[in-house]
Ligand SMILES: [Fe+2]
């Protein structure tokens with residue numbers, strides 16, 4: 050499986066995945082996607098999204114209209130559990146929390162996470178369901194270390210500024226930032242486990258930060274909710 054990241058808007062990130070000559074656009078808002086696919090000899094077979102927010106779905110109509118690709122509703126895909134691209138299976142998992150309809154695409158070592166998980170942080174909980182969001186994060190934590198996170202926005206700088214407030218003595222934050230490339234924004238789950246506060250809410254350093262804010266930290270759910278509540 051191959052992947053290419055396309056930046057658009059102020060900080061949106063969209064993707065083209067392909068296997069053989071079959072391609073799938075996910076959150077394809079970047080105008081140059083089709084030209085890239087054509088120049089690489091790819092057929093855009095499918096168009097889908099990580100969730101229904103307008104900044105992620107803005108390219109659908111144009112991509113489908115200009116290429117004849119089939120639009121696949123992400124909710125149907127996550128209900129079905131997978132799709133096939135060039136003979137290879139891409140898993141689609143529900144990832145509620147940011148929105149109720151959020152999904153993640155898992156293909157080879159690539160994990161396209163939309164606004165559920167960013168490099169170094171997580172999305173806002175617009176669904177209001179923090180328990181579901183915690184279940185999503187717990188699930189993502191079960192995926193292997195070498196998994197590469199391809200997110201829906203580039204929030205790396207802001208996420209590490211927050212991580213530094215939570216864990217000022219975490220030396221991994223500098224390392225994470227030194228690997229930051231705005232032209233190719235990604236991280237491994239191993240890196241996320243070392244810097245992302247929303248993966249680290251059971252670490253002593255994060256718990257002691259939360260205690261100082263006066264938030265409850267007795268259970269994992271409380272620690273998660275307390276961290277999500279930090280302004
Ligand atoms: Fe969103």
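Numbering (this note's numbering), first residue to last: 50 to 280. Note that the Cβ used here is the ideal one computed from N, Cα and C, for glycine as well. Nothing here was measured: the structure is a model prediction, and the numbers come from that model.
- Remark: the shortest separation between the CB of residue 164 and any heavy atom of ligand 1 falls under 7 Å.
- Remark: the shortest separation between the CB of residue 105 and any heavy atom of ligand 1 falls under 7 Å.
- Only exposed fits residue 214, as fewer than 16 other CB atoms lie within 10 angstroms of its CB.
- When distances are taken from the beta-carbon of residue 172 to the heavy atoms of ligand 1, the shortest one is below 7 Å.
- As computed with DSSP, residue 61 is found in a beta bridge with 57 and 202.
- With fewer than 16 other Cβ atoms from the protein chains shown falling within 10 Å of its own Cβ, residue 224 counts as exposed.
- Around the beta carbon of residue 251, fewer than 16 other beta carbons sit within 10 angstroms, so the residue counts as exposed.
- Assignment of residue 116 by DSSP, reduced to helix, strand and coil, places it in the helix class.
- Residue 106 and residue 152 have their C-alpha atoms roughly 13 Å apart.
- Assignment of residue 233 by DSSP, reduced to helix, strand and coil, places it in the coil class.
- Per DSSP, the beta-bridge partners of residue 156 are 159.
- Secondary structure of residue 246 (DSSP, three-state): helix.
- Residue ranges of uninterrupted alpha helix (DSSP H) with 4 or more members, entirely inside the region 68-129 and ordered along the chain, are 82-88, 103-106, 109-116 and 123-129.
- Set against 7 Å, the gap from the CB of residue 123 to the closest heavy atom of ligand 1 is not smaller.
- Going by DSSP, residue 275 is part of the alpha helix (DSSP H) stretching over 269-277.
- Here residue 167 is bridged, per DSSP, to 170.
- Between the alpha carbons of residue 238 and residue 64 lies a gap of roughly 19 Å.
- The bridge partners DSSP lists for residue 195 come to none.
- No Cβ-Cβ contact shorter than 8 Å links residue 203 with residue 220.
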